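Asks:
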């Protein structure tokens, strides 16, 4: 770019870059709105004339001083075609090349990763190169690590509360033994729907554990009261389960029905299936397994 001629013609490097962009990839002239989408309007030369170096001397550029279009060669001494790194992306101070992809219709990011990861990780990389996975996988992994780091504190607090609530270790143990059994319902629900156990499904399972403990606390408390008031311990155990059947069943049903709208959402579907399937299966376990475990641990006899 000839600086002196450019000043006389009132043309800057930006003006020249704009003219070259019009001759190559095009310049955005406006946008067209179609519904909620805005489609860019690109103005550029016909395809046959783009990036034709032999005809650059015929290109015209607007000169504010001359009030007319002048040949581009008046402000350009020569054209050189060479490559250079105009923008270098770095991550953790290392040069980084980011390759992105969108899953096709009917595939989630986790499913696509399961197909690509074994193939790409078998590639032999040159010395000094490394490969790492980002996107949804990285974000979910960071969130999962942060969540798992706080879980022991939460579980210890829940255990202490359940022990203080009944004043005995055995009743608290009965409540906690029901929580792992919900995993069977969660696995069955995710297997039938074909959804992955991702971060949101993990959140749903943690929420599910609190719901199960609530139902188990209600049932164990009623069992304690019925056995204390009855001369026959087994009859008191049975009466407690029958009396708590409706509250436990209705509480689980309202939660399951409340999750129905999320079942058709692509983002929250796995969490909804985890809660719905796990809660439905664990509710039956609560009414069957809790009295059995209670009778075994507390040695309830006729």
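Residue numbers (this note's numbering): 10 to 311. In this text, a Cβ means the ideal position worked out from N, Cα and C, and glycines have one as well. Remember, predicted model here, so these are calculated numbers, not experimental data.
(1) Are the beta-carbon atoms belonging to residue 191 and residue 217 less than 8 Å from one another?
(2) Cα-Cα, which of 41, 292 and 281 is closest to residue 228?
(3) Helix or strand or just coil, what does DSSP make of residue 176?
(4) Who are the Cβ neighbours of residue 277 in its own chain at under 7 Å, not counting the five residues just before and after it?
(5) Under a Cβ-count criterion, where at least 16 other Cβ atoms within 10 Å of its own Cβ denotes burial, should residue 138 be classed as buried or exposed?
(6) Please list, in chain order, all residues of the same chain as residue 179 whose beta carbon is under 7 Å from its beta carbon, the five residues on each side excluded.
(7) If you reduce the DSSP assignment to three classes, tell me which class residue 36 lands in.
(8) Distance check for residue 245 and residue 269, CA to CA, integer angstroms please.
(9) If you follow the alpha helix (DSSP H) that residue 97 is in, where does it begin and where does it stop?
(10) Does DSSP classify residue 268 as helix, strand or coil?
(11) Just curious, the beta strand (DSSP E) that residue 46 is in, first and last residue?
(12) Between which two residues does the alpha helix (DSSP H) carrying residue 280 extend?
Replies: Reading off the structure:
(1) yes
(2) 292
(3) coil
(4) 209 and 271
(5) exposed
(6) 306 and 307
(7) strand
(8) 37 Å
(9) Unbroken run through residue 97: none, as it is neither H nor E.
(10) coil
(11) 46 to 52
(12) 278 to 306
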